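Undergrad: Numbering (my numbering), first residue to last: 12 to 1188.
Structure below; questions to follow.
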């Protein structure tokens, strides 16, 4: 007898138990047999020996009472085997071509079909006996005997009844006392014409008393039912059902020698049928003891069951079970049963694939395996209720089992070694591409959304014979032009349709290899398009039975395939459902490497450019031996630290674990999140979990589609943050992976991954804000189940693009003005290596020839906005561009020199201006000679001849340089004083200064030189007011008129608190400050000038000294003035006034003159000071 299929959960072994009637009448014999399950991943632990039946029964009861209890919990890491279960470097299969059927099929003979009765020796029916040759019972009918040994004794009630598990009370030993007290021999015939104390006599008694059937050896007109071994044949001859289904009140029957029975067979009465399928029987003469007994045994401990008058009735209403869930490898299917009357107390399950029973699949849920790929799943449910006939109904079949395909691209997740790149226009944005029934549909993505879908090429569809079951189709750039092309693996090779940017060209066969006719199958041989040579063109990489083969891209075809590595194939123990394989650059050398996760750890074979080096184990973590299962624990690669290296991320039962990539190995895995695992309700096939950068920080984040929406946990670089709800859409309650695929990809080029979801009504997009996903918007009314009849099983579709994880914004340094050199920094682009090209832009347009990292601004850039753009490319990734901030280019600053004046400063002589060096050349120069800062009309040459009007004046020359793109620069020479006595005015200019005034000449000069215009009176006359004090604002005006270039303009912002922009002398006072003649007066609130205050004699000395700036002047050691000690803060300036003859001081009756520094300067004294300053050059 073989245990029920679900007992194979015990370490993948089958335990066989032989329970029967031994010749000595002892306890049931035990036989243990170890059998490795067909789909076992590797050697199993040895089964412990069992010394006795009770010990085994305890184990058996535990398993049978708890069929859902797993043997181990997941994923508690354990010490792995020192070597992988199948070394990826070992190549047992020498053939280069993969086998058409490389996976063994389960042996259908290992599990008996419970609906087929096994063959057993069976005697002829009793009707074949010669009439009159048999003994007869009390009623004259033919009597039948199943003799036992003469030593057998009746049961004396001193023995314990064997343990049973009946749900109902047993009837017990109510066999007539008159028979059970008799010895076995000589035989006494009972009233049913059977030998007393035999199994047949007891069952006849029980049928008469419990089943209320007048059963006898001649029941239903039979000549004789015969010995126990003959009962099944006798029952069939009169139309009584005999099968392998036990029911309460039925007769358990075994033919000769079945299950330990004797040559006469054995019968028993079924007292109960347990929920787990075992049977409780009551019987006589087990072990030829001639006594009562009861046992609980598996249903197949007996050869069959005779249904004479079962003590059950049919259910009044039954329904077929319903299967929910997605029929995909590793997914979870759940059977539900409702609507029965009465409701079954227990439901038994049996799952079938293409109508064949699946061994061990007897639970309410079932996870399809790789061997179920392409098959339709049904479930048979049997309802059990005490008193009712067990009834079985079968569900409708599911669709064919497919490989997990969360994103709807028609490739199982294990086949999606490299994701689609649907950038078919070269814009860097993912279009929506779908393989319809008769052609490839494309909806181009623009900055505002999706354009209407169009057929870009005919073919590649179901109407052309293409199926997801056999013919993978992909989008990859195979000609290196930056636009993705269509690549399909057909029966007879690989076909390509190149993108023109607005359509696909006619399909052409690029190689006759890698097709179905070459033995390549979807379920065993993943194939991918990836650039393994580094030339920018995607090559074909296929994982065959005996290794990894590559068809190098020539630009127009794929070269004959060559074996690049003798490992990672099915012949080495690798399979799509247990041992994932990836093609990614794990060491940043620019070439994709193989990373595979086997039963003993993570192995990496580094790409050399012409092959893959011997695989090295980078980590013992994430392995099957450590408890990781593809059915429950997806593993993937993603850069979660932001360093450009892909890390291993695994979804365990208790959270998310990460093995950080160092470029040479993986660090020991650590738990980054306690969510997103099976313990939190996340299931393969129901709740897609992906890694994508949704914030644009260069680190991949966790994005999970749970029951109610989208949950995100952001990467910090060393862990995942608290999961947060980012969207209330796209949850499993209304979205199914086999009907409404969802993709996480950057749709708008902002560096943040968005959601593209294929709803029934079309393509919906929810963009990332960096903190959540926006409400989705229908961007395309197509590509949906009801919008175009698109189905995942038939019509692959997608919208995705691999984006560079680090896309830094370039920065500029330097002065942004014409003639200056700017330097750009492009930053570090990841994952490395990334090819970058650069371009300088003027108002957003490329500057011809400006492609370096440095650029010197030219006149054409003046007033334009200058920026710098980086264009980045990497095979298999979307093109990316980043531009610096724009900067307004200011006019350049000319290199200039102050002109120098040579010549003798006397009237009639010529002064010559020497300009010095100006640049960058050529610079156009203009000259202007000035008298006291005021331009001299007509004096615009490099030379100037002095006139009498220049006497006592300050002569300067201003040189102005002009160049396109540059600011106009003006430089003035140092002043040249023309000494002498100027001619006085013909008449006094001021009414209050007659010719006899002691300072008439000086004050008259103030008028003729333009330094003072006086103050007009109401009478019309102008007065000078010589005795009045000079205010600080008037002093500023006098000095400005004397020395300043009249082109000077005051700054917009006033320099002194008490001089506003509207002050009448703001320009003159500002010039005083900017030339250093005054620093103002510091107050608690800021600087003041105090324009109305009188200027002191010490202050005017300071102003004039600073104006003239005499070089090397040293004041005398002895002060010339009695009231100005050498320690006076303005001693130097006042002493200079004396030494230059500008002031002789105020004579005293005796001794030295005084200067009276604090005394206000009168207007006549001011005239004298300035006259002397100018005429005594």
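No residue lacks a Cβ here, since even glycine has one placed at the ideal position from N, Cα and C.
Remember, predicted model here, so these are calculated numbers, not experimental data.
Indicate the three-state DSSP secondary structure (helix, strand or coil) for residue 612 in the structure shown.
TA: Here residue 612 sits in strand by DSSP.
Undergrad: Excluding the five sequence neighbours on either side, which residues of its own chain have a C-beta within less than 7 angstroms of the C-beta of residue 357, listed in chain order?
TA: Excluding positions up to five away in sequence, the list reads 286 and 395.
Undergrad: Please say whether residue 235 and residue 266 have beta carbons closer to each other than 8 angstroms?
TA: For residue 266 and residue 235, no; Cβs fall outside 8 angstroms.
Undergrad: Within this structure, are the beta carbons of residue 499 and residue 477 separated by less than 8 angstroms?
TA: Closer than 8 angstroms, so yes.
Undergrad: Just to check my reading of the structure: residue 541 and residue 522 have Cβ atoms closer than 8 angstroms, yes? What is that Cβ distance to the nearest angstrom?
TA: 16 angstroms between Cβ atoms; not a contact.
Undergrad: Whole angstroms are fine: how far does the CA of residue 341 sit from the CA of residue 284?
TA: Approximately 33 angstroms between the Cα atoms of the pair.
Undergrad: Apart from the five residues just before and just after residue 862, which ones in its own chain have a Cβ nearer than 8 angstroms to its Cβ?
TA: The residues are 848, 849, 850 and 851.
Undergrad: With a threshold of 16 other CB atoms inside 10 Å of the CB of residue 517, please say whether the residue is buried or exposed.
TA: By the neighbour-count rule (16 or more Cβ atoms within 10 Å), residue 517 is not buried but exposed.
Undergrad: From residue 1025 to residue 1011, what distance separates their C-alpha atoms?
TA: For residue 1025 and residue 1011, the distance between alpha carbons rounds to 14 angstroms.
Undergrad: Count Cβ pairs between the segment 315 to 322 and the segment 247 to 267 that sit closer than 8 angstroms; are there 3 or more?
TA: Contact holds: three or more Cβ-Cβ distances are below 8 angstroms.
Undergrad: Using a Cβ distance threshold of 8 angstroms, determine whether the segment 204 to 211 contacts the segment 266 to 279, with at least three qualifying pairs required.
TA: Contact between the segment 204 to 211 and the segment 266 to 279 is present, because at least three Cβ pairs lie under 8 angstroms.
Undergrad: Could you check what DSSP says for residue 189 in three-state terms: helix, strand or coil?
TA: Three-state DSSP puts residue 189 in a helix.
Undergrad: Do residue 587 and residue 572 count as a contact pair if the criterion is CB distance below 8 angstroms?
TA: For residue 572 and residue 587, no; Cβs fall outside 8 angstroms.
Undergrad: Should residue 321 go down as buried or exposed, given a rule of 16 or more other Cβ atoms within 10 Å for buried?
TA: Classification of residue 321: buried, given that the 10 Å Cβ count is 16 or more.
Undergrad: With DSSP collapsed to three states, give me the class of residue 680.
TA: Three-state result, residue 680: coil.
Undergrad: Let me know if residue 1159 comes out buried or exposed under the rule of 16 or more other beta-carbons within 10 Å of its beta-carbon.
TA: Exposed is the call here.
Undergrad: Leaving out five residues on either side along the sequence, give the residues of the same chain with a beta carbon under 8 angstroms from the beta carbon of residue 242.
TA: The residues are 211, 236, 262, 264, 276, 278 and 317.
Undergrad: Locate the alpha helix (DSSP H) running through residue 1080, then write down its first and last residues.
TA: It spans 1077 to 1085 - the alpha helix (DSSP H) in which residue 1080 sits, taken as one unbroken run.
Undergrad: Look at the alpha carbon of residue 333 and the alpha carbon of residue 415, and state the distance between them as a whole number of angstroms.
TA: Residue 333 and residue 415: Cα-Cα distance of roughly 21 angstroms.
Undergrad: Between residue 490 and residue 508, how many whole angstroms is the CB-CB distance? I'm expecting something under 8 angstroms.
TA: Not confirmed; about 11 angstroms, so no contact.
Undergrad: How far does the beta strand (DSSP E) with residue 938 in it reach, from first residue to last?
TA: Looking at the DSSP string, the run of the beta strand (DSSP E) that includes residue 938 is 935 to 942.
Undergrad: Indicate whether the contact test is met: 3 or more Cβ pairs, each with one atom in the segment 1086 to 1094 and one in the segment 1114 to 1126, closer than 8 angstroms.
TA: Touching, yes, given that three or more Cβ pairs across the two stretches are closer than 8 angstroms.
Undergrad: For the segment 852 to 879, which segments carrying the beta strand (DSSP E) assignment without a break, of at least 3 residues, lie completely within its bounds, in sequence order?
TA: Runs of the beta strand (DSSP E) inside the segment 852 to 879: 865 to 867.
Undergrad: If we require 3 or more residues per run, which beta strand (DSSP E) segments fall completely within the segment 218 to 270?
TA: DSSP runs (the beta strand (DSSP E)) wholly in the segment 218 to 270: 252 to 254 and 262 to 265.
Undergrad: Given a threshold of 16 other Cβ atoms within 10 Å of its Cβ, counted over all protein chains shown, does residue 806 qualify as buried or as exposed?
TA: Its Cβ being crowded by 16 or more others within 10 Å, residue 806 is buried.
Undergrad: In the DSSP output, what is residue 715 paired with across the bridge?
TA: In the DSSP output, where bridge partners are listed per residue, residue 715 has 700 and 722.
Undergrad: Distance check for residue 410 and residue 480, CA to CA, integer angstroms please.
TA: Computed Cα separation, rounded: 12 angstroms.
Undergrad: From residue 1070 to residue 930, what distance separates their C-alpha atoms?
TA: Roughly 38 angstroms between the two C-alpha positions.
Undergrad: Going by DSSP, name the residue or residues bridged to residue 672.
TA: Looking at the DSSP assignment, residue 672 forms a beta bridge with 677.
Undergrad: In the DSSP assignment, what are the bridge partners of residue 977?
TA: DSSP, once it has assigned bridges, lists 903 as partnering residue 977.
Undergrad: Three Cβ pairs or more, each shorter than 8 angstroms: is that satisfied between the segment 889 to 898 and the segment 927 to 943?
TA: Flag = no, the segment 889 to 898 and the segment 927 to 943 do not touch.
Undergrad: Sort out for me which residues DSSP pairs residue 403 with in a bridge.
TA: BP columns for residue 403 point to 393.
Undergrad: How is the alpha helix (DSSP H) around residue 1134 delimited, first residue to last?
TA: Note, residue 1134: premise wrong, no alpha helix (DSSP H); not H, not E.
Undergrad: Check whether the Cβ atoms of residue 769 and residue 751 lie closer than 8 angstroms to each other.
TA: Result yes, Cβ atoms of residue 769 and residue 751 sit closer than 8 angstroms.
Undergrad: What first and last residue would you give for the alpha helix (DSSP H) that runs through residue 1149?
TA: Residues 1142 to 1150.
Undergrad: Compute the distance between the beta-carbons of residue 536 and residue 553, then report whether it is under 8 angstroms.
TA: For residue 536 and residue 553, yes; Cβs fall inside 8 angstroms.
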